[in-house]
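Presented below is the structure to which this report refers.
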Amino acid sequence: MFAVLADPQRRRILDVLRAGERPVNDLVDRLSVSQPTVSKHLRVLRDAGLVEVRREAQRRLYRLRPEPLAEVDAWLAPYRRMWEDGLDAVERRPDGTS
């Protein structure tokens, strides 16, 4: 999952799909990349379970599947707490040094 999310173009696609379902051509326009490039990234995202597609006449509409991202978030939760605890400790120091 992290290898899939590591690509900035794929993250941009997910960012656009957060607002709702989009056809490929809309993603191409919004991201200013070629249709084959968007399709390649959508295939990777679909294979990872992060997006799903439905057909509407001649169009393919893609939408975000939040469940896999929730799994990543749950895995990251203890690390986030560790980071926040570290920041809180720095803020509590009277001289502000770490």
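Each residue of the sequence shown is one higher than the one before, starting from 12 at the first, in my numbering. A virtual CB, placed ideally from N, CA and C, is assigned to each residue, including glycine. Source: prediction; values computed, not measured.
Give the straight-line distance between the Cα atoms of residue i and residue j, rounded to the nearest whole angstrom.
i	j	result
leucine 16	arginine 22	6 Å
glutamate 32	tyrosine 73	5 Å
valine 44	isoleucine 24	11 Å
glutamate 78	proline 34	21 Å
proline 9	alanine 59	Past the edges of the chain, shown from 12 to 109, lies residue 9, and the structure says nothing about it.
glutamate 67	alanine 14	31 Å
For the candidate residues the options, whose alpha-carbon lies nearest to that of residue i?
i	options	result
arginine 71	Ile24, Asn36, Gln20, Ala30	Asn36
leucine 80	Leu56, Trp94, Glu95	Leu56
aspartate 18	Val49, Pro34, Arg29	Val49
arginine 29	Ala14, Pro47, Gln46, Leu61	Leu61
Going by the CB atoms, is the gap between residue j and residue i shorter than 7 Å?
i	j	result
arginine 76	glutamate 63	yes
Counting Cβ pairs closer than 8 Å, one from the region 76-96 and one from the region 36-46, do we hit at least three?
Between the region 76-96 and the region 36-46, the count of Cβ pairs shorter than 8 Å is below three; the stretches do not touch.
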